[in-house]
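A.B. asks: Add 1489 to the 1-based position in the sequence shown for my numbering, that's all there is to it.
What follows is a single structure, and I will ask about it in a moment.
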Amino acid sequence: MPSAGTLPRPDGYGARRTGCRAIGLLLCVAVALGVMTGCSRSRPSAPLRIGVMMPLTGPGAVSAQLPLDWARENVDAAGGVDGRPIQFVYRDLGRQSALTAARAFAADSSIAAVIGPGNSEDALQVAGLFADHHQVMVTPSATSGDLFRAYSADRPQYVWRPVESDIAQMRVMLQVAARDGARSVALVSGDSPYGTTFFDSFGFLATEEGLRVTSTQRYDQEAQNCQGPLRQALSSGADVVLAVPDHASQAICMARAWRAAGSRPRLLFSDAAQSPSLISALGAQAQGLNGIGLAPDPNNGFAAAFRARFHREPTPFAANIYDSVLLIAYGLAGAHGTVGAALAQAISGVVHGTGPATGWDRNGVARTLTAIRAGRLPAINGAVGRWAFDKDSGIDLVASTYEHWRVTGDQFAAAGYLSTADLRTARQGISEADTRATPGKATAALGGTYRPGPKTGTWALLIAASDGWTNYRHQADVLAQYQRLRADRVPASHIIVISDHDLAHNRNNPHQGQVPYAVGDPNLNFQIPIDYPLQGMTAQRLMDILAGHTTPGTPTVIRSGTGDDVYVYLAGHGNQNGVYLGLGQPVPPPDNAYSVLTPALLDQTIAAMAAAHHYRRILVAVDACEGGVLGQHLDAPGALLLSAASPVENSLSTNYDADRQTWLADQFSYQLWKAEAATPTMSIDRLYQHLYLTVTGSHVSAYGPGFGNAATVSLNEFVTGGSVAPPAPTSAGQGAAAH
């Protein structure tokens, strides 16, 4: 969530008073004495203390106080949890860092659970800390898709949020654009965790929705002006430009630049623009601006009740904050006040209740608590709407309500509401963060009549095109490929490795010398001969190595011949230009020059190798954002390129390690590696289909119109030493070409 709104009272750290007149002077004194002396949570009269960590003061303050207190009052009015009231303990993130607040709560055994933090960057930073301390964290508004991907495999589940990730918002924005007649779209976003979710999912979801992508612009919104990236998006020929500002000031910049460009083409904002400062700063220029934002279910009465109670519009994420309290309270009721793993498991049960439905208001809260105390689990309708969480992992809601807002006067008026309940993922009960490709949406240009002679050997070129701890996954991908090839008897002298190999003893590595590919997996860091460091490597030198051109700068090269299969594996950062060598971040800075492996250079090199009979077959596997661009014109005989993503979308990482605070693998590469180990005899055709349907968030693509019949070529031709028998023909035939 970006920063939004202003309000709350700076309670800082400490218990909030609950009103002595309501419980009597004697009881109030007893409770106060109990709190001051740190009484045990096992005492029935002791409050259940819930930590709240959000910005309560300063420019990033969120308006959390009203929905927090409202929900607490309704729980307490129903008798609390086994007779114990709720008490909030505040940590103001306007005055201290999220990590400082999280450490304090994690060290405090009196804290039953924590609400917050409110933004994705903070949530990703502290979620692992809470999980390590077996403390439930409920964030009402951290909407990064990475949060689900990082923690969805945890059992029990300590990370929860009564909100969908912004992948769902991206989907809704695209659907609104298509509904209003758009056939092509462009995106402008930032590189924060908030903007990254939109950036990562844009190309994939646009393809799923049948929309043509004309431009994807991502920039550092803290350091760069919006005008350049927005101008490129506006001039790309898109019918609609989707604008994702990190905060209101960037929304103002984007709106002014759009007006200056003639207010064409259409501009659709994300929820970060839904700030009063947008209207006050732009004045008349704000009129008619429109976008998408989260909203309570318009039919459940929460918004109307909020207005009646507080005489104002619902504050940002008010319904989600309200439901965060209920989620913890209901879990505590199910766990009979026990915290830790018992609370996490109880929440998992509560959110999947199927009994008679209950509501969000005071009566609904009372009925829900009564049912849970009696051992029944109702279907819960919260302030956000029906609670439908991911059926396997919990964490996320799978359905939400969004409003299509339009600036009218001095208000963000709802022009309509859109529910995600009818999406395929919602019907399946899974998070949008776990979306897989629909068959038939990607490129698989495989075919031709090429039939080479028998295989005599295997050569491999493995390239980690980025360095540093944040790119751990790219180097680990290469190490995993090397170990797999060696295990399958490819001679070390036939494998060339290009990598900076700076993971094992990196200062950020808490387990020096260890480089696993998944949490708990064996160490990949053994007997790895690095032929070339990444530093100083250029695209031309790389292609010289592949083509067998020995030079003073490339003494070790691929020496393949007519009977040799060649396997090229490449992991790094890419875009429409190709794959960058030495780039340590997803988007190249505008003032830095990098050597880029372009589609033209790769095509030229492989065509020359084919003409010189320097391979029998060649397989190129690329794990990079927009990596499919490298294969679009590849047509050499016997050549195939498999890409983790199409030319307009990102590839995603996997296997998050909270201890190392990094992703250990790339998703496509990890699935490819597992297939190499488990089913090396599968055909290339079946491999492609398997990867396409297994990898989430991108459309695995294949390019090789001159490759030959992919159903008769096995994977192990490229990943094992010596000769291999062809796979048995499958009923799919050349089915990959139909996808």
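Where a beta carbon is used, it is the ideal one built from N, C-alpha and C, also for glycine.
Is residue 1841 helix, strand or coil by DSSP?
C.D. replies: By one-based count along the sequence shown, residue 1841 stands at place 352. Three-state result, residue 1841: coil.
A.B. asks: Pull up the CB-CB distance for residue 2123 and residue 2130, whole angstroms please, since I reckon it's below 8 Å.
C.D. replies: Residue numbering aside, residue 2123 sits at position 634 when the sequence shown is read from its first letter. Residue numbering aside, residue 2130 sits at position 641 when the sequence shown is read from its first letter. Contact flag correct, Cβ pair sits at about 5 Å.
A.B. asks: Which value, in whole angstroms, describes the spacing of the CA atoms of residue 1527 and residue 1958?
C.D. replies: Here residue 1527 refers to the residue found at position 38 when the sequence shown is read from its first residue. Here residue 1958 refers to the residue found at position 469 when the sequence shown is read from its first residue. Residue confidence for residue 1527 is low, a pLDDT of 36 falling below 50, so the modelled location carries little weight and cannot support an answer.
A.B. asks: Could I get the ranges of all uninterrupted beta strand (DSSP E) runs contained in the segment 2080-2129, with 3 residues as the minimum, in chain order?
C.D. replies: Listed in chain order, they are 2084-2086 and 2106-2112.
A.B. asks: Residue 1809 lies in the beta strand (DSSP E); which residues open and close that run?
C.D. replies: Position 320 of the sequence shown, counted from the first residue, corresponds to residue 1809. First-last for residue 1809: 1807-1823, but that is the alpha helix (DSSP H), not the beta strand (DSSP E).
A.B. asks: Excluding the five sequence neighbours on either side, which residues of its own chain have a C-beta within less than 8 Å of the C-beta of residue 2014, listed in chain order?
C.D. replies: Numbered from its first residue, the sequence shown carries residue 2014 at position 525. Closer than 8 Å at Cβ, skipping near neighbours: 1968, 1992, 1993, 2002, 2003 and 2004.
A.B. asks: I need the boundaries of the beta strand (DSSP E) containing residue 1707, first residue and last residue.
C.D. replies: Position 218 of the sequence shown, counting from 1, holds the residue named residue 1707. Unbroken beta strand (DSSP E) run through residue 1707: 1701-1708.
A.B. asks: Closest by CA to residue 1973, which one among 1929, 2205, 1713 and 1571?
C.D. replies: Numbered from 1 along the sequence shown, position 484 holds the residue referred to as residue 1973. With distances taken between Cα atoms, residue 1973 lies closest to 2205.
A.B. asks: Here's the rule I'm using: 16 or more other beta-carbon atoms within 10 Å means buried, otherwise exposed. How should residue 1789 be labelled?
C.D. replies: On the sequence shown, residue 1789 is found 300 positions in, with the first residue counted as 1. Burial call: buried.
A.B. asks: To which residues of the same chain is residue 1606 closer than 7 Å at the C-beta, ignoring the five residues directly before and after it?
C.D. replies: For this step, residue 1606 is matched to residue 117 along the sequence shown. For residue 1606, where only same-chain residues beyond five positions count, the Cβ hits under 7 Å are 1542, 1543, 1582, 1587, 1612, 1615, 1628 and 1631.
A.B. asks: Run the CB neighbour count on residue 2209, radius 10 Å, all protein chains shown included, and call it buried at 16 or more, exposed below.
C.D. replies: Position 720 of the sequence shown, counted from the first residue, corresponds to residue 2209. So residue 2209 ends up on the buried side.
A.B. asks: Kindly list the residues whose CB is nearer than 7 Å to the CB of residue 1521, restricted to its own chain and excluding five residues on each side of it in sequence; keep chain order.
C.D. replies: One-based indexing of the sequence shown puts residue 1521 at position 32. Any answer about residue 1521 is weak, because its pLDDT of 34 lies below 50 and its placement is not dependable; what the coordinates show is given next. So no residue of the chain qualifies.
A.B. asks: Alpha carbon to alpha carbon, how far is residue 1539 from residue 1816?
C.D. replies: Locating residue 1539 in the sequence shown gives position 50, where the first residue counts as 1. Locating residue 1816 in the sequence shown gives position 327, where the first residue counts as 1. Cα-Cα distance, rounded: 12 Å.
A.B. asks: If I follow the unbroken alpha helix (DSSP H) through residue 1621, where does it start and stop?
C.D. replies: Residue 1621 sits at position 132 when you count from the first residue of the sequence shown. Looking at the DSSP string, the run of the alpha helix (DSSP H) that includes residue 1621 is 1609-1621.
A.B. asks: Using only CA atoms, which one of 1768, 1951, 2188 and 2006 lies nearest to residue 1981?
C.D. replies: Taking the sequence shown and counting its residues from 1, the one referred to as residue 1981 is at position 492. Among 1768, 1951, 2188 and 2006, the Cα nearest to that of residue 1981 is on 1951.
A.B. asks: When we look at the beta-carbon of residue 1900 and count the other beta-carbons within 10 Å, is it buried (16 or more) or exposed?
C.D. replies: Here residue 1900 refers to the residue found at position 411 of the sequence shown. Counting Cβ neighbours within 10 Å, residue 1900 comes out exposed, since fewer than 16 surround it.
A.B. asks: In this structure, does DSSP put residue 2169 in helix, strand or coil?
C.D. replies: Taking the sequence shown and counting its residues from 1, the one referred to as residue 2169 is at position 680. In the structure shown, residue 2169 sits in coil (DSSP, three-state: anything other than H, G, I, E or B).
A.B. asks: For residue 1800, does the count of other Cβ atoms within 10 angstroms reach 16, so buried, or fall short, so exposed?
C.D. replies: For the purposes of this step, residue 1800 is taken as the residue at position 311 of the sequence shown. Exposed, by the Cβ-count rule.
A.B. asks: Nearest CA to the CA of residue 1873: which residue from 1653, 1621, 2155 and 2185?
C.D. replies: Within the sequence shown, numbered from 1, the residue matching residue 1873 stands at position 384. When only C-alpha atoms are compared, the closest one is 1653.
A.B. asks: Would DSSP call residue 1895 helix, strand or coil?
C.D. replies: Taking the sequence shown and counting its residues from 1, one reaches residue 1895 at position 406. Strand.
A.B. asks: Do you know whose CA, among 1536, 1986 and 1856, lies nearest residue 2045's CA?
C.D. replies: Along the sequence shown, read from residue 1 onward, the residue named residue 2045 stands at position 556. Of the candidates 1536, 1986 and 1856, the one whose C-alpha sits nearest the C-alpha of residue 2045 is 1986.
A.B. asks: Which same chain residues, not among the five before or five after residue 1595, have their C-beta less than 7 Å away from its C-beta?
C.D. replies: Locating residue 1595 in the sequence shown gives position 106, counting from the first residue. 1618, 1619, 1622 and 1624.
A.B. asks: Tell me whether residue 1854 sits in a helix, a strand or coil according to DSSP, three-state version.
C.D. replies: As a working note, residue 1854 is residue 365 in the sequence shown. In this structure, residue 1854 counts as helix in the three-state DSSP scheme.
A.B. asks: Quick check on residue 1922: does DSSP put it in helix, strand or coil?
C.D. replies: Reading the sequence shown from its first residue, position 433 is the one you call residue 1922. Residue 1922 falls in the helix class under three-state DSSP.
A.B. asks: Whole angstroms is fine: what's the gap from residue 1863's alpha carbon to residue 1822's?
C.D. replies: On the sequence shown, residue 1863 is found 374 positions in, with the first residue counted as 1. On the sequence shown, residue 1822 is found 333 positions in, with the first residue counted as 1. Those two C-alpha atoms are separated by around 10 Å.
A.B. asks: Rounded to whole angstroms, how far is the Cβ of residue 1647 from the Cβ of residue 1833, which I believe are closer than 8 Å?
C.D. replies: The count along the sequence shown starts at 1 and reaches residue 1647 at position 158. The count along the sequence shown starts at 1 and reaches residue 1833 at position 344. Right, their Cβ atoms sit about 5 Å apart.
A.B. asks: Could you check the C-alpha separation between residue 1695 and residue 1725 for me, to the nearest Å?
C.D. replies: Here residue 1695 refers to the residue found at position 206 when the sequence shown is read from its first residue. Here residue 1725 refers to the residue found at position 236 when the sequence shown is read from its first residue. If you take the alpha carbons of residue 1695 and residue 1725, they lie about 16 Å apart.
A.B. asks: When we look at the beta-carbon of residue 2146 and count the other beta-carbons within 10 Å, is it buried (16 or more) or exposed?
C.D. replies: Mapped onto the sequence shown, residue 2146 falls at position 657. Under this definition residue 2146 is a buried residue.
A.B. asks: Classify residue 2045 as helix, strand or coil using the three-state DSSP reduction.
C.D. replies: For the purposes of this step, residue 2045 is taken as the residue at position 556 of the sequence shown. Correct three-state label for residue 2045: coil.
A.B. asks: Measure the Cβ-Cβ separation of residue 1927 and residue 1697 and say whether it is below 8 Å.
C.D. replies: Here residue 1927 refers to the residue found at position 438 of the sequence shown. Here residue 1697 refers to the residue found at position 208 of the sequence shown. Cβ distance < 8 Å, so residue 1927 and residue 1697 count as in contact.
A.B. asks: Quick check on the DSSP output: the beta strand (DSSP E) that includes residue 2056 runs from which residue to which?
C.D. replies: Along the sequence shown, read from residue 1 onward, the residue named residue 2056 stands at position 567. Note, residue 2056: beta strand (DSSP E), 2053-2060.
A.B. asks: Count the other CB atoms, across all protein chains shown, that sit within 10 Å of the CB of residue 2102; report buried if there are 16 or more and exposed otherwise.
C.D. replies: The residue given as residue 2102 occupies position 613 in the sequence shown. The residue in question, residue 2102, is exposed, as its Cβ has fewer than 16 Cβ neighbours within 10 Å.
A.B. asks: Short of 6 Å in beta carbon distance, which residues of its chain neighbour residue 1750, apart from the five on each side in sequence? Order them along the chain.
C.D. replies: For the purposes of this step, residue 1750 is taken as the residue at position 261 of the sequence shown. 1723.
A.B. asks: Taking DSSP as the reference, what is the three-state secondary structure of residue 2177?
C.D. replies: Residue 2177 sits at position 688 when you count from the first residue of the sequence shown. Reduced to three states, the DSSP call for residue 2177 is helix.
A.B. asks: Given residue 1911, which residues of its chain have a CB within under 6 Å of its CB, disregarding the five upstream and five downstream residues?
C.D. replies: Here residue 1911 refers to the residue found at position 422 of the sequence shown. No residues qualify anywhere along the chain.
A.B. asks: Going by the beta-carbon positions, is the gap between residue 2191 and residue 1921 smaller than 8 Å?
C.D. replies: Within the sequence shown, numbered from 1, the residue matching residue 2191 stands at position 702. Within the sequence shown, numbered from 1, the residue matching residue 1921 stands at position 432. Going by C-beta atoms, residue 2191 is not nearer than 8 Å to residue 1921.
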